[in-house]
Structure formats: structure tokens, C-alpha cells
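Take a look at the structure below.
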Amino acid sequence: MSKQEVILCEKLESSLTHAIEKCPHDKLFILTDEHTHRLCLPQLQSIPALQDAAEIIIGAEDMHKNLETLASVWQALSEQGATRHSLLINLGGGMVTDLGGFAASTFKRGIAYINIPTTLLAMVDASVGGKTGINFNGLKNEIGVFAPAASVLLETEFLRSLDSHNFFSGYAEMLKHGLISTPEHLTELLSFDTENINYTALKAMVGRSVQVKEDIVEQDPQEHGIRKALNLGHTVGHAFESLALAENRPVLHGYTVAWGIVCELYLSHIQTGFPKEKMRQTIQFIKENYGAFAFNCKQYDRLYELMQHDKKNTAGIINFTLLKEVGDICLNQTADKETIFEVFDFYRECMGV
86 MSKQEVILCE
96 KLESSLTHAI
106 EKCPHDKLFI
116 LTDEHTHRLC
126 LPQLQSIPAL
136 QDAAEIIIGA
146 EDMHKNLETL
156 ASVWQALSEQ
166 GATRHSLLIN
176 LGGGMVTDLG
186 GFAASTFKRG
196 IAYINIPTTL
206 LAMVDASVGG
216 KTGINFNGLK
226 NEIGVFAPAA
236 SVLLETEFLR
246 SLDSHNFFSG
256 YAEMLKHGLI
266 STPEHLTELL
276 SFDTENINYT
286 ALKAMVGRSV
296 QVKEDIVEQD
306 PQEHGIRKAL
316 NLGHTVGHAF
326 ESLALAENRP
336 VLHGYTVAWG
346 IVCELYLSHI
356 QTGFPKEKMR
366 QTIQFIKENY
376 GAFAFNCKQY
386 DRLYELMQHD
396 KKNTAGIINF
406 TLLKEVGDIC
416 LNQTADKETI
426 FEVFDFYREC
436 MGV
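The opening residue of the sequence shown carries number 86 in our numbering; numbering runs sequentially from there.
Take a look at the structure:
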């Protein structure tokens with residue numbers, strides 16, 4: 086898998102112009118959703134390199150990350166004369182970069198694409214690393230391919246317009262990167278003033294967070310080994326996310342990752358000896374900033390069933406990424422049903438649900 090270029094922009098116009106020049110094309114398309122069409126595209130429209138670009142607009146939010154929306158993007162590309170030499174720019178959050186990347190990598194067996202993530206979640210996670218996909222059959226990211234963008238342009242100025250819910254959604258993935266990297270990085274994240282955001286400091290932290298993911302992806306692009314470290318919090322988190330979607334109370338991806346981290350740090354504590362104090366410190370931060378996902382013991386079996394559908398599993402055995410210490414990663418860990426239910430009990434007790 087080719088390595089993608091990730092650029093922390095000083096000036097978006099020059100970075101984007103350069104990225105477009107590196108991808109010779111016959112036609113240029115920009116994929117936006119209803120939000121980024123209104124809030125972000127106007128900031129790019131004066132760029133000469135985009136003057137002839139055709140825009141494709143899709144619905145916003147994760148509920149549109151489906152086969153129907155994907156087909157509408159393919160159809161728009163087809164009707165507007167895209168060829169295998171065309172170029173697609175994805176301007177948006179993780180839903181846009183995931184779906185747009187999948188549309189590009191499958192249209193005419195694959196056209197080049199550039200990601201310009203506009204949310205914190207997309208900057209530190211979704212747009213980087215080459216995973217693309219859509220939700221299918223009630224399951225998160227069930228269909229997709231590994232296909233890296235030609236370039237990912239990180240313009241942190243977009244973050245100034247982010248509401249606090251979307252800020253914290255992305256920050257959960259940064260917390261995960263802190264937990265799997267170094268105690269210093271984790272401490273910086275846990276002590277950052279999230280109420281009075283210093284955007285210069287945040288830009289540097291985004292750069293560090295992306296570097297953690299980039300280093301791991303470079304070692305293991307197809308997720309055969311160490312890339313599984315990036316799944317911390319996601320085995321339980323994706324089950325929470327799928328349950329919330331099924332019950333028509335959707336929640337942002339990063340929130341479910343944060344709640345998944347609570348569960349998987351406790352599992353790390355009881356199975357691999359993760360220090361209690363660091364677990365409590367991280368859980369306290371999550372409790373203060375993310376609230377809690379409410380469920381009762383009657384829903385344990387449904388959550389367990391959803392976890393059995395996780396893509397990381399082999400032969401129905403639920404697979405976790407756990408920690409012995411901050412940065413000391415234990416891959417391919419398993420737990421039986423009784424232990425997983427104990428984890429749910431701990432979560433409900435410590436989060437007050």
C-alpha cells in the first residue's frame with residue numbers, strides 16, 4: 086500500500102495547490118456534506134486550482150454513511166464524466182473522508198483522492214491511515230477497502246468553528262493515541278484546558294497525535310499486527326455505537342470510543358495489570374467530559390452479540406487490544422462472556438448509569 090502524504094498546513098491554499106499538481110487529472114471533483122458545503126467550501130473557492138471543480142453534496146451525519154449515499158456519489162461522478170484519470174477532493178469530517186475515499190477507490194477501479202478533514206476526529210483518525218468504508222446491515226464500517234489518499238491536508242483553522250461535542254469526539258481518539266504512546270503525551274492530553282482552547286497548542290498536539298498513528302500504520306498498513314493497537318477502546322465502543330444506532334439514539338463516534346476506553350482500561354487492569362491510578366485518572370477525565378452511555382443488564386447479551394461481529398475477531402472469539410502500561414500494548418487479547426459482563430457492571434457502576 087502506497088504511503089500517503091500528511092501535511093500540517095501553514096497555508097491551505099499553497100498546500101492544496103501543490104497536492105493537486107502532484108495528481109495529474111482530467112476532471113476535478115469536490116465532495117462535501119450539507120455542513121461543509123456551507124461552512125468550509127467558501128474558504129476554498131478563491132483558490133485558482135479549484136476554479137473548474139464540480140461539487141458533489143451529500144447529507145451530513147453518520148446516518149448517511151451508507152450504500153445509498155455511496156451509490157449517489159458514484160452516479161454523480163459517472164453523470165458528470167469522471168474517468169479513471171479524475172481526482173476527488175473530500176472536504177469534511179470522518180463520514181465524508183471514509184465514504185468519499187471508498188467511492189474514489191472503487192469508481193473505475195480506483196481514482197486518486199485528496200482528504201481535507203474539517204473535524205478533529207477526521208484529522209487525527211478517519212482521514213489518516215488509508216481505511217475507507219461505509220456502515221452496512223447495522224454494523225459500523227462493515228464494508229470498505231484499504232486505499233490511502235494521495236495527500237491529507239490538516240488545516241487546524243477549521244477547528245475554530247467546531248462545537249464542543251465534535252471537539253470531544255475527536256479528542257477521544259487523541260486520548261487513545263496518548264494511551265498507546267507515552268506517559269508524557271497522555272499527561273499533556275489529560276491536563277489540556279479544553280474550556281479555553283489554545284489553538285496554537287492544539288495544532289502541535291494534533292501533529293503529535295497524527296504522528297503516533299502514522300508511525301503505526303507505516304509499520305503495518307493492512308492491520309496484521311501492531312496496527313491493532315489503534316483499536317484500543319473500539320471493540321466495546323463500536324458495540325455501543327451500533328446499539329445506539331439500532332435504538333435510534335445515535336451518538337458521535339468519539340464518545341463511544343471514550344466509553345469503550347473506560348471498559349477496556351478496566352479489562353486491561355484485571356487481565357494485564359494496567360495501573361489502577363492511571364485507569365482512574367483517565368476514566369475521571371472521560372466521566373467529566375463525555376457523560377455516560379446508558380444501558381441496563383438486559384442489554385448485555387445484545388452488546389455481546391454486536392461485539393462478536395467486530396472485524397478484528399477470528400472464528401467468533403472477541404479480540405481486544407489491552408495495555409500493561411501506557412505505551413505497553415498487548416495485542417490479540419481475549420475475554421470470556423462472564424468477564425465481559427463484569428466489565429459492563431464496572432462501567433455502569435463507575436459511570437453512574
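For glycine and all other residues, C-beta sits at the position ideal for the given N, C-alpha and C.
Coil, strand or helix - residue i by DSSP
i           : result
residue 320 : helix
residue 300 : helix
residue 335 : coil
residue 223 : coil
residue 124 : helix
residue 409 : strand
residue 357 : helix
residue 102 : helix
residue 117 : strand
residue 246 : helix
residue 236 : strand
residue 177 : strand
residue 434 : helix
7 Å Cβ cutoff met for residue i and residue j
i           : j           : result
residue 339 : residue 207 : no
residue 428 : residue 375 : no
residue 204 : residue 255 : yes
residue 117 : residue 142 : yes
residue 184 : residue 150 : yes
residue 115 : residue 155 : no
residue 234 : residue 89  : yes
Cα-Cα separation between residue i and residue j, rounded to whole angstroms
i           : j           : result
residue 425 : residue 313 : 19 Å
residue 406 : residue 198 : 31 Å
residue 162 : residue 288 : 34 Å
residue 86  : residue 306 : Because residue 86 sits at a pLDDT of 49, beneath the cut-off of 50, its placement in the model cannot be relied upon, and the point is left open.
residue 272 : residue 225 : 30 Å
residue 344 : residue 165 : 43 Å
residue 372 : residue 245 : 24 Å
residue 100 : residue 380 : 46 Å
residue 346 : residue 294 : 17 Å
residue 342 : residue 113 : 35 Å
residue 422 : residue 318 : 17 Å
Beta bridge counterpart(s) of residue i as assigned by DSSP
i           : result
residue 197 : 172
### Query
How about the segment 125-132 and the segment 185-199: do they share at least three Cβ pairs that are nearer than 8 Å?
No, they do not touch.
### Query
Okay, do the segment 358-365 and the segment 390-404 touch, 3+ Cβ pairs below 8 Å being the bar?
no
### Message
Count Cβ pairs between the segment 380-393 and the segment 316-324 that sit closer than 8 Å; are there 3 or more?
### Response
yes
### Message
Under 8 Å, with one C-beta from each stretch per pair, do the segment 230-246 and the segment 275-293 reach the 3-pair mark?
### Response
The segment 230-246, when compared against the segment 275-293, does touch it at the 8 Å Cβ threshold.
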